[in-house]
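Each residue of the sequence shown is one higher than the last, beginning at 153 in this note's numbering.
I have placed the structure first, in the form of structure tokens, so that the comments after it can refer back to it.
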Amino acid sequence: SCNETLPSYDDVIEKMDEMRELNYLVNYILINYALRNSDFMLEVITIKSQIPTDKQNYIYYNRKEKNITLLISSYKTFKNYGQKTITITDEKFIHIFKQLNYKDGDYLLSLKKGERPSVSYLGDIIKSMTAFGLREGSFFKVVLKHLLEEHKYQELEAISLTRGTSLAVILTSYNLLNN
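Written out as structure tokens, the structure is:
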């Protein structure tokens, strides 16, 4: 609702920093890239040459470059933005991802290891893992409010691309500063 009391950005970051395992990965992605629940339908690919070009979402760990790439093609504004490519270099993120020992074809978040989750399941599991039990939309509001208050307009523009939503839509639909 419009008048829900949201935690501060700093409190969310503090909570995230204490997290381990998948919880950290989920919160890190939400804070830095504002992905939607359905973007978390991420299939693990272990060999770069085997990344399909279909309209799905993949997560790939590049051993040589020591980074992780998210390739997201399955989302509703794909026609406007094309494939979203996100490269993650955060050491804790990479360390945790490696420790989780995913196999090719596993899904980052799944009910049973490796199984493709439903989007509604993703929404529930993400909420169960976020700082303060925030839903993805509320989490985005916390990030947005922070970026606006700190005048971080370049970051705001970057996050509009990774979310796949125009700045105009973001600023009108999530109009927080008037709350």
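For each residue, glycine too, the CB sits at the ideal point set by N, CA and C.
Please state whether DSSP places residue i in a helix, a strand or coil.
i	result
THR221	strand
ASN331	Bear in mind that the predicted position of ASN331 carries a pLDDT of just 48, short of 50, making it unreliable; the figure below should be weighed with that in mind. Looking at ASN331 - three-state DSSP - the assignment turns out to be coil, as it is neither helix nor strand.
TYR176	helix
ASN253	coil
LYS264	coil
ILE203	coil
THR229	coil
SER153	Caution is warranted here: a pLDDT of 43 is assigned to SER153, below 50, making its placement in the model unreliable, and the coordinate value is therefore given only provisionally. In this structure, SER153 counts as coil in the three-state DSSP scheme.
LEU194	strand
THR314	helix
I'd like to know whether the C-beta atoms of residue i and residue j end up nearer to each other than 8 angstroms.
i	j	result
LEU222	ILE238	yes
TYR254	GLU267	no
ILE146	TYR185	What the structure shows of the chain is the stretch from 153 to 331, and residue 146 is not part of that stretch, so it cannot be assessed.
LEU174	ILE181	no
Can you grab the Cα-Cα spacing for the pair residue i / residue j, in whole Å?
i	j	result
VAL294	ASN232	25 angstroms
ASP169	MET281	13 angstroms
SER325	PHE292	11 angstroms
With a threshold of 16 other CB atoms inside 10 Å of the CB of residue i, please say whether the residue is buried or exposed.
i	result
LYS228	exposed
ASP191	buried
VAL164	buried
TYR212	buried
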